[in-house]
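S.K.: Before we start, here is the structure in question, set down as structure tokens.
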Amino acid sequence: MTLPLLGLLLLTWALPAAADKPGDERAIEGMDEGRILWDVTLGDPEALMGRLDVILETREDMQRQGLEPHMVFAFRGGAAGLVAESTDHLDFADVANVERLHERLDALLELDNVHMEACSIATRRFDLEAGDLLPGIELVGNTFLSIMGYERQGYTTIRID
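So, in structure tokens, the structure goes:
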């Protein structure tokens, strides 16, 4: 399956329920864009895939209600080990789930206004460097500083743990 097709499938996963879904007019009144920083520490690939489904639904809800989504994913803690291109450092049982997770992350990276970064403090724990990460994921010095900076830019931080 090609990445664009996979991305389309991921995006349409949440669409069937959207037509009957209530709106969020009161909360988003006066807004034209939504800025979310996803603070991802969850190190369980299967559970993280479930959270990504909700994140995709959130993005669709934003678009459905007239907001332009801007999303930053900051991977730290156990999640930093999941964004390495190689799965050699993982338990054998996790490899298939991590490979599916990588496909979802690749599809997300193809969407407009999506940026992903991994914390160098957390990646050291897994002996990972910038070249070890999935293409499109930027290694940064400290995602605590990223969170601080993005909040200053108007992003709301939501923890994924």
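Using this note's numbering, the first residue of the sequence shown is number 79, and each one after it goes up by one. Glycine included, C-beta positions come from ideal geometry on N, C-alpha and C.
Ordered along the chain, which non-local residues of its own chain (more than five positions away) have a Cβ less than 7 Å from that of E163?
M.R.: Taking the first residue of the sequence shown as position 1, residue 163 is located at position 85. So the qualifying residues of the chain are D210, L211, L212.
S.K.: Which word fits G112, buried or exposed, when buried means at least 16 other C-beta atoms lie within 10 angstroms of its C-beta?
M.R.: Counting from 1 along the sequence shown, the entry for residue 112 is found at position 34. Result: buried.
S.K.: Tell me, which residues are paired with I238 by DSSP?
M.R.: Numbered from its first residue, the sequence shown carries residue 238 at position 160. In DSSP, I238 forms a bridge with V118.
S.K.: Measuring straight from C-alpha to C-alpha, what distance separates L187 and E181?
M.R.: Your numbering for residue 187 matches position 109 in the sequence shown. Your numbering for residue 181 matches position 103 in the sequence shown. Looking at the two C-alpha atoms, the distance is approximately 10 Å.
S.K.: Grab the span of the alpha helix (DSSP H) containing F204 for me, first residue to last.
M.R.: Residue numbering aside, residue 204 sits at position 126 when the sequence shown is read from its first letter. Run containing F204: none; DSSP gives neither H nor E here.
S.K.: For I106, which residues from the same chain have a beta carbon less than 7 Å from its beta carbon, with the 5 sequence-adjacent residues on both sides left out?
M.R.: Taking the first residue of the sequence shown as 1, we reach residue 106 at position 28. Cβ within range, chain order: Q143, L145.
S.K.: Relative to the C-alpha of G155, which residue among L168, D110, I236, T221 is closest?
M.R.: Counted from its first residue, the sequence shown places residue 155 at position 77. Checking every option, the nearest Cα to that of G155 belongs to T221.
S.K.: If you follow the alpha helix (DSSP H) that P123 is in, where does it begin and where does it stop?
M.R.: Position 45 of the sequence shown, counted from the start, is the residue given in the question as residue 123. Per DSSP, P123 belongs to the alpha helix (DSSP H) from 123-142.
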